[in-house]
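Working notes, structure below.
Take a look at the structure:
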């Protein structure tokens, strides 16, 4: 329960926001959210307590404009501190993480009567490795001196080489003079990926406290700030990674943590991504050869036991031989003429693939032991050969990471599922690597629900899950199934509507269409034909269910319209949005063509977007191996995949796209859906449940067609 002193602190916090933020008002939906968050955290569990009925978890759908961030953070900060817990707020997008770090948290820190500290948690590769940076800078500096002494000798330098050396020297100078702290996100001028990769490292390439530059390592300095902070701002990928490793990582242990997941609708998909694994057969043979070369370099450079090299060569050659045999056997199948993937029904591998995979994994385990012994030998030399050890470890780190993925892939490929356990999808995929054919072996669980239950719901002190799109077809059922929350009976549910006046400010239009979207070619031609009439405002967002149709429509646009259209994939997403905003700011028209990632997490208020067009309803591509396996499993139990998965997931994506239109109280506009199935199919009404209360303009002819179909079904 929430104690009286906690209630008082929460009230004081909300009052402070009203006084300190111009125009801030605590509307009833936000206050309901505050109460629900406080109640769930008030039930926070101790480390030795079972998860019970899940009364430490809140599931909240709050529409745009509700004030979700303050509605969750104010009570969470008060309750976490009162209960002796740390608070982790996690988002699914970089933009939202920046909003918490640069806007919301600083505002609360400035206004709340009870002070708190916060820090942003990021992966190791967002920080430079001091040892590598200074080592590269030393080499670059010596090269410059050599050029000065022998400017007339040797081949001329390329512009790219000079540019790389200049950037490295500038970064080192900025770091040494303490004008830059080693965080990539705090660079005034972005550094190209190829150069950044040379001055950063990963877990495998880091020597930790044995590094000579450990005392001024940017990553460990940031990690210490995270350990000391009351509020940690993270993202879903980092949280899921931290949950998978032992205690003592970047984030606090789950039992000591209150989690707030914003944009929680993406959490289940992220969990599947983290559990999935794949590797290329020919590509693995190449890096296995590179791994033995790296071991040779390490052994010779530091005069280590040559047994390490012999063991590495033996294991690598054995693994590569097995992979080559598998590659030839797969190539002989000739199963990739129509599809790029061959899935194994019910996840069952043929004997030849299972046997070859087991032998490859065994050889990989041998190489893993050699890497462990080599790392220990290198770290013993770190006190005396610090710079050299750091470089050697960094080089080996690449291959250690490759080996970890290799073993994870075969562990999942060869895993035996028991009766009733969630199955694993397994397939082989044709991969075109720069013109050279290769094959990927791939494995992915069809659901992340069990993993989320074990790692998060059953271990966390308390959890708040919130998003504007947690319901689908009017219920939380899809989200609960995807996340494994269906087993808990004590969850705290809240669904609050947006305060925006959708009925007065927004219109949903379904015009008469000549073509059915299932006739892809004819429907695309009709979309092209309609586009000039649909672009009638400054800012238009056109959403597509497939990249194929998006590209075809773009190619078919009249030239004047194509010139003002920015298509996703033709440039980085952030650049595309920046160009769009700049055009609208100039008073020009601008059109955005995008896929599902443009239907969520994109904020285009006021004139930036007054018209959203769905070219067709956002059904997912039905032929991915993972979705095929999921369908196979569900229908094998006598259930309907279409009604249980396809329709609810489509409804959620559709709802997310609608949410791009109205972002502030001043916004207005139209959503046009070029897909009559929304009103002619029975399942169309399910997609309409739970969407904002737009004024609806439905084509009369389509409605007549719907009634005729219903009458025919009854008579039949």
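Residue numbers (the numbering used here): 4 to 719. C-beta atoms are modelled at their ideal positions from N, C-alpha and C, and glycine is treated no differently. Only a predicted model underlies this, so the values are computations on that prediction, with no experimental measurement involved.
task = Starting from the Cα of residue 498, find the closest Cα among 142, 94, 58, 695 and give me that residue.
result = 695
query = Smallest Cα separation from residue 275: which of 476, 697, 453?
reply = 453
Rounded straight-line distance, which links the Cα of residue 327 to that of residue 389 = 39 Å
ask   = Taking C-beta to C-beta, are residue 683 and residue 537 nearer than 9 Å?
value = no
key: Rounded straight-line distance, which links the Cα of residue 221 to that of residue 178   = 10 Å
request  = Just tell me which of 11, 107, 300 has its CA closest to the CA of residue 2.
outcome  = Residue 2 is absent from the structure shown; the chain starts at 4 and stops at 719.
task = Give a yes or no on contact between the segment 241-248 and the segment 96-112, applying the rule of three or more CB pairs nearer than 8 Å.
result = Three or more beta-carbon pairs separated by less than 8 Å are not found between the segment 241-248 and the segment 96-112, which leaves the two stretches without contact.
query = Does DSSP put residue 672 in a helix, a strand or coil?
reply = Strand, per DSSP.
ask   = Going by Cα to Cα distance, which pick from 636, 619, 203 is closest to residue 401?
value = Cα-wise, what sits closest to residue 401 is 203.
task = Whole angstroms is fine: what's the gap from residue 659's alpha carbon to residue 472's?
result = Residue 472 has its alpha-carbon roughly 7 Å from the corresponding atom of residue 659.
request  = Count the CB pairs spanning the segment 608-620 and the segment 428-445 that are closer than 8 Å, and state whether there are at least three.
outcome  = no
inquiry  = Using a 10 Å radius around the Cβ and a threshold of 16 neighbouring Cβ atoms, would you call residue 553 buried or exposed?
reply    = buried
ask   = According to DSSP, is residue 623 helix, strand or coil?
value = coil
ask   = Using a Cβ-Cβ cut-off of 6 Å (strictly less than) and excluding sequence neighbours within five positions of residue 208, which residues of its own chain qualify?
value = 396, 397, 400
ask   = Could you give the residue range of the alpha helix (DSSP H) that holds residue 300?
value = Its alpha helix (DSSP H) spans residues 284-305.
Reduced DSSP category for residue 466 - H, G, I as helix; E, B as strand; rest coil = Here residue 466 sits in strand by DSSP.
inquiry  = Per DSSP, what are the beta-bridge partners of residue 448 in this structure?
reply    = 427
Rounded distance between the beta-carbons of residue 481 and residue 640, thought under 8 Å = With 8 Å as the limit, residue 640 and residue 481 do not qualify as a contact, their Cβ atoms being about 17 Å apart.
Close beta carbons around residue 371, own chain, < 7 Å, minus the five adjacent residues each side = 406, 410
ask   = Taking the alpha carbon of residue 753 as the point to measure from, which residue in 335, 357, 374 has its own alpha carbon closest?
value = One cannot answer for residue 753 here, as it falls past the ends of the chain, which runs 4 to 719.
ask   = When burial is assigned at 16 or more other CB atoms within 10 Å of the CB, is residue 192 buried or exposed?
value = With fewer than 16 Cβ atoms within 10 Å of its Cβ, residue 192 is classed as exposed.
query = What number of angstroms, rounded off, separates the C-alpha of residue 495 from the C-alpha of residue 85?
reply = Cα-Cα distance, rounded: 20 Å.
Residue 2 (DSSP reduced to helix, strand or coil) = As displayed, the chain neither begins before 4 nor continues past 719, which places residue 2 out of reach and without an answer.
query = Going by other Cβ atoms of all chains shown within 10 Å of its Cβ, with 16 needed for buried, is residue 527 buried or exposed?
reply = So residue 527 ends up on the buried side.
ask   = residue 366: which of 288, 442, 237 sits nearest, CA to CA?
value = 288
Alpha-carbon spacing of residue 716 relative to residue 690, whole angstroms = Unreliable placement is indicated for residue 716, whose pLDDT of 48 sits below 50; no coordinate value is reported for it.
request  = For the beta strand (DSSP E) holding residue 457, just list the boundary residues, first then last.
outcome  = Neither: residue 457 is in no beta strand (DSSP E) and is coded neither H nor E.
request  = Compute the beta-carbon to beta-carbon distance between residue 363 and residue 297, rounded to the nearest angstrom, for a pair I have assumed lies under 8 Å.
outcome  = No, residue 363 and residue 297 are not in contact; Cβ-Cβ is about 20 Å, not under 8 Å.
inquiry  = Let me confirm a value: residue 574 is counted as buried when at least 16 other C-beta atoms fall within 10 Å, else exposed. Which label applies?
reply    = exposed
request  = Output the distance between the C-alpha atoms of residue 155 and residue 161, rounded to the nearest integer angstrom.
outcome  = The pLDDT assigned to residue 155 is 47, lower than 50, so where the model puts this residue is not dependable; a value taken from the coordinates is nonetheless given after this. Distance between the alpha carbons of residue 155 and residue 161: 15 Å.
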